[in-house]
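K.L.:
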């Protein structure tokens, strides 16, 4: 799965990456789902260890085009993981209090503490994505944000945060199918707004904005993974694998008991 | 399961309630676990509907003696429910900023918003439990808090919050067994502190404090349920049933689409 990590000295081109592929995974969906199940059990154990040790912090950033599968990823990959140790932060339209400050202010408030996993469902990257595509601020403002993001993430990493950033890469055709499926299912209509179709019209602009963001903010301490996401099971398999491997690499240990428990009797 | 709800005009006596019972449930653990699975699937759907409708807020308060099973309840009852719609709030030792304000200030900050479920793992009730038993504040301060809690919860309920409060009722013997099991398992020693045993010595004082709290703050808008919790599966079954029934009683509906979607074509 290492192949999906964006290399430091290489620029990626999204047009050349296939959202449909399943890499060199030997087996189809059924085998993939079994592998995910096993990884999920590992993740549950690693999360408990992370919490017990209380030393590292984990930040997972999820970004995708509309219908890209952020919600599904969170449900599937983190299923059964103790909800007390995993928080999801979603970023809505900024409040006036938030707009009066730098764009990272509201983000900093919700970063993980020791022993915690926080998942950003959308993130500070929207400030160089929709904000750029929709011209919410002038270019001279958003163009400086890439460096600011790198600096901000460095501060977090230097203070014990494992940062993993995933771009769920779906194709334009796949998005069409998913939007159509929502349209065909009346029970999903409440989620549907015509605004989603306006965003779709800007597909190429968004792809460009994503490509730039990924190329400018892939760092050693906060790497991007471009995940082929047309097939949901493969998307979940890639993310689960990266996450489990990264947590294992922390070489965490259960802490020693606070007290000497020799000869303790419970009355 | 209605029998576990504390009636408004009746005082409960914890000593008379059996933590070991399984009520009139027809069937043992195996049948219980199957029923929980079914309730869990219902809960997942109801949570989605709650989120979609965005009208009601749900606050679940969990209180218990040490080892009473709050963590296990959260994992089991809410397994598979979308983590984006369910938040867990834990209350640690208050900060100086929190201590400088009324005891409900930090609690108010984390109440659920529209469409959200928030689970309090411990809560403002600690301010009439450990605070009372340990004399952290004088009686004239804590004794006024029952009314303040009722007033606070009334404000939340009047503003669209469904409040369900559960006391997980274990016996003193069961606590002994659970503490012993932790002591016998070296991998759990990091969780064990001798302070837990000091709290156990105050068992009767805590039972009295719980009984008073439950009797003084069982209201129509924020009822207490005293859940027999020696058997974990039965505890989870009771809580799942109460939760699902309460959510159903809200008679929620999926909202109408924001836009007229007739004849929409996705290009």
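Residue numbers (the numbering used here), protein chains in the order written: chain S, 1 to 267; chain Y, 1001 to 1267.
Note that beta-carbon positions come from the ideal geometry of N, C-alpha and C, so glycine has one too.
Just by C-beta distance, which residues in the stretch 1206 to 1229 of chain Y are closer than 9 Å to chain S?
P.N.:
Those would be none; no residue qualifies.
K.L.:
Which residue or residues does DSSP assign as beta-bridge partners of residue 121 of chain S?
P.N.:
Taking the first chain and counting its residues from 1, one reaches residue 121 of chain S at position 121. Residue 121 of chain S pairs with S/62, S/90.
K.L.:
Going by Cα to Cα distance, which pick from Y/1132, Y/1154, Y/1075 is closest to residue 1144 of chain Y?
P.N.:
Here residue 1144 of chain Y refers to the residue found at position 144 when the second chain is read from its first residue. Residue Y/1132 is the option with its Cα nearest to residue 1144 of chain Y.
K.L.:
Mapping DSSP to helix, strand and coil, what is residue 107 of chain S?
P.N.:
On the first chain, position 107 is the one that residue 107 of chain S refers to. Reduced to three states, the DSSP call for residue 107 of chain S is helix.
K.L.:
Any beta carbon from chain S within less than 8 Å of residue 1074 of chain Y's own beta carbon?
P.N.:
Here residue 1074 of chain Y refers to the residue found at position 74 when the second chain is read from its first residue. Output row for residue 1074 of chain Y: interface = yes.
K.L.:
With DSSP collapsed to three states, give me the class of residue 1226 of chain Y.
P.N.:
By one-based count along the second chain, residue 1226 of chain Y stands at place 226. In this structure, residue 1226 of chain Y counts as strand in the three-state DSSP scheme.
K.L.:
In the DSSP assignment, find the unbroken alpha helix (DSSP H) run with residue 214 of chain S in it and report its ends.
P.N.:
Indexing the first chain from 1 puts residue 214 of chain S at position 214. Residues 203 to 217.
K.L.:
Identify each residue in the stretch 188 to 199 of chain S for which the Cβ-Cβ distance to at least one residue of chain Y is less than 7 Å, and report them in chain order.
P.N.:
Correct list: 189, 190, 192, 193, 194, 197.
K.L.:
Use the C-beta contact count for residue 1081 of chain Y: other C-beta atoms within 10 angstroms, 16 or more gives buried, fewer gives exposed.
P.N.:
Taking the first residue of the second chain as 1, we reach residue 1081 of chain Y at position 81. Its Cβ being crowded by 16 or more others within 10 Å, residue 1081 of chain Y is buried.
K.L.:
Given a limit of 9 Å on CB to CB distance, which residues of the stretch 58 to 72 of chain S reach chain Y?
P.N.:
Residues passing the 9 Å Cβ filter: 71.
K.L.:
By Cβ distance, which residues of its chain are closer than 6 Å to residue 1188 of chain Y, with the 5 residues on each side in sequence left out?
P.N.:
For the purposes of this step, residue 1188 of chain Y is identified with residue 188 of the second chain, where counting begins at 1. Hits under 6 Å: 1182.
K.L.:
I need the DSSP call for residue 1005 of chain Y, collapsed to helix, strand or coil.
P.N.:
In the second chain, residue 1005 of chain Y corresponds to position 5, counting from 1. The answer is strand: DSSP assigns residue 1005 of chain Y an E or B state.
K.L.:
Can residue 233 of chain S and residue 32 of chain S be called in contact, C-beta distance under 8 Å?
P.N.:
On the first chain, residue 233 of chain S is found 233 positions in, with the first residue counted as 1. On the first chain, residue 32 of chain S is found 32 positions in, with the first residue counted as 1. Yes, they are a contact pair.
K.L.:
Consider the Cβ of residue 1052 of chain Y: report whether some Cβ of chain S lies at a distance smaller than 8 Å.
P.N.:
Sequence index remark: in the second chain, residue 1052 of chain Y carries index 52 (1-based). It does; some Cβ of chain S falls within 8 Å.
K.L.:
Which residue or residues does DSSP assign as beta-bridge partners of residue 12 of chain S?
P.N.:
Along the first chain, one-based indexing puts residue 12 of chain S at 12. None; residue 12 of chain S has no bridge partner.
K.L.:
Would you say residue 1156 of chain Y lies against chain S (beta-carbon separation less than 8 Å)?
P.N.:
Position 156 of the second chain, counting from 1, holds the residue named residue 1156 of chain Y. Chain S contact via Cβ: absent.
K.L.:
Quick one, which of S/207, S/174, S/240, S/211 has its alpha-carbon nearest residue 20 of chain S's?
P.N.:
Residue 20 of chain S sits at position 20 when you count from the first residue of the first chain. When each option's Cα is compared against that of residue 20 of chain S, the closest is S/174.
K.L.:
Pull out every residue of the stretch 233 to 266 of chain S whose Cβ sits closer than 8 Å to any Cβ of chain Y, in chain order.
P.N.:
Taking 8 Å as the Cβ-Cβ cut-off against chain Y, the residues of the stretch 233 to 266 of chain S that qualify are 254, 255, 256, 257, 258, 259, 261, 264, 266.
K.L.:
Rounded to the nearest angstrom, what separates residue 1266 of chain Y and residue 35 of chain S at their Cα positions?
P.N.:
As a working mapping, residue 1266 of chain Y is identified with position 266 in the second chain. As a working mapping, residue 35 of chain S is identified with position 35 in the first chain. Spanning the two alpha carbons is a distance of roughly 35 Å.
K.L.:
Give the range of the beta strand (DSSP E) segment to which residue 1167 of chain Y is assigned.
P.N.:
Walking along the second chain from the start, residue 1167 of chain Y turns up at place 167. Run containing residue 1167 of chain Y: 1161 to 1169, per the beta strand (DSSP E) assignment.
K.L.:
Residue 112 of chain S touches chain Y at which residues, Cβ-Cβ below 7 Å?
P.N.:
Here residue 112 of chain S refers to the residue found at position 112 of the first chain. Simply none; closest approach about 14 Å.
K.L.:
Does the beta carbon of residue 981 of chain Y come closer than 8 Å to any beta carbon on chain S?
P.N.:
What is shown of chain Y runs 1001 to 1267, which leaves residue 981 of chain Y out entirely.
K.L.:
Based on Cα-Cα distance, which residue from Y/1244, Y/1264, Y/1263 lies nearest to residue 1001 of chain Y?
P.N.:
Along the second chain, read from residue 1 onward, the residue named residue 1001 of chain Y stands at position 1. With distances taken between Cα atoms, residue 1001 of chain Y lies closest to Y/1244.
K.L.:
State the DSSP-derived secondary structure class of residue 57 of chain S, mapped to helix, strand or coil.
P.N.:
If you number the first chain from 1, residue 57 of chain S lands on position 57. Strand at residue 57 of chain S.
K.L.:
Am I right that residue 14 of chain S and residue 210 of chain S are in contact with their C-beta atoms under 8 Å? What's the rounded C-beta distance?
P.N.:
Locating residue 14 of chain S in the first chain gives position 14, counting from the first residue. Locating residue 210 of chain S in the first chain gives position 210, counting from the first residue. At roughly 6 Å, the Cβ-Cβ gap stays under 8 Å, so residue 14 of chain S and residue 210 of chain S are in contact.
K.L.:
Give a yes or no on whether the minimum CB-CB distance between residue 1080 of chain Y and chain S is below 8 Å.
P.N.:
Walking along the second chain from the start, residue 1080 of chain Y turns up at place 80. By this cut-off, residue 1080 of chain Y is an interface position.
K.L.:
With a threshold of 16 other CB atoms inside 10 Å of the CB of residue 1155 of chain Y, please say whether the residue is buried or exposed.
P.N.:
Locating residue 1155 of chain Y in the second chain gives position 155, counting from the first residue. Residue 1155 of chain Y is exposed by the Cβ-count criterion.
K.L.:
Could you run through the stretch 170 to 182 of chain S and flag, in chain order, every residue whose CB is less than 7 Å away from some CB of chain Y?
P.N.:
The stretch 170 to 182 of chain S vs chain Y, Cβ under 7 Å: 176, 179, 180.
K.L.:
Quick one: using the 10 Å Cβ neighbour count with 16 as the cut-off for buried, is residue 67 of chain S buried or exposed?
P.N.:
The sequence position of residue 67 of chain S within the first chain is 67, counting from 1. Flag for residue 67 of chain S reads buried.
K.L.:
Sorted by chain position, which residues of the same chain lie with C-beta nearer than 6 Å to residue 1010 of chain Y's C-beta, five sequence neighbours on each side aside?
P.N.:
Along the second chain, read from residue 1 onward, the residue named residue 1010 of chain Y stands at position 10. Closer than 6 Å at Cβ, skipping near neighbours: no residue.
K.L.:
Would you call the stretch 206 to 221 of chain S and the stretch 49 to 58 of chain S touching, i.e. three or more CB-CB distances under 8 Å?
P.N.:
The stretch 206 to 221 of chain S, when compared against the stretch 49 to 58 of chain S, does not touch it at the 8 Å Cβ threshold.
K.L.:
Taking C-beta to C-beta, are residue 1120 of chain Y and residue 1059 of chain Y nearer than 8 Å?
P.N.:
Against the second chain, residue 1120 of chain Y aligns to sequence position 120. Against the second chain, residue 1059 of chain Y aligns to sequence position 59. Contact: yes.
K.L.:
Closest Cβ-Cβ distance between residue 1150 of chain Y and chain S: below 8 Å?
P.N.:
Translated into the one-based positions of the second chain, residue 1150 of chain Y becomes position 150. It does not: the Cβ of residue 1150 of chain Y has no partner Cβ on chain S nearer than 8 Å.
K.L.:
I believe residue 193 of chain S touches residue 1253 of chain Y by the beta-carbon criterion, under 8 Å. Please report the beta-carbon distance rounded to the nearest angstrom.
P.N.:
On the first chain, position 193 is the one that residue 193 of chain S refers to. On the second chain, position 253 is the one that residue 1253 of chain Y refers to. Not really, about 19 Å apart at Cβ, beyond 8 Å.
K.L.:
Identify the contact partners of residue 1121 of chain Y in chain S, using a Cβ-Cβ distance below 7 Å as the criterion.
P.N.:
For the purposes of this step, residue 1121 of chain Y is taken as the residue at position 121 of the second chain. Neighbours of residue 1121 of chain Y on chain S, chain order: 84.
K.L.:
Which residue comes first and which comes last in the alpha helix (DSSP H) that contains residue 265 of chain S?
P.N.:
Within the first chain, numbered from 1, the residue matching residue 265 of chain S stands at position 265. Here residue 265 of chain S belongs to no alpha helix (DSSP H), and DSSP marks it neither H nor E.
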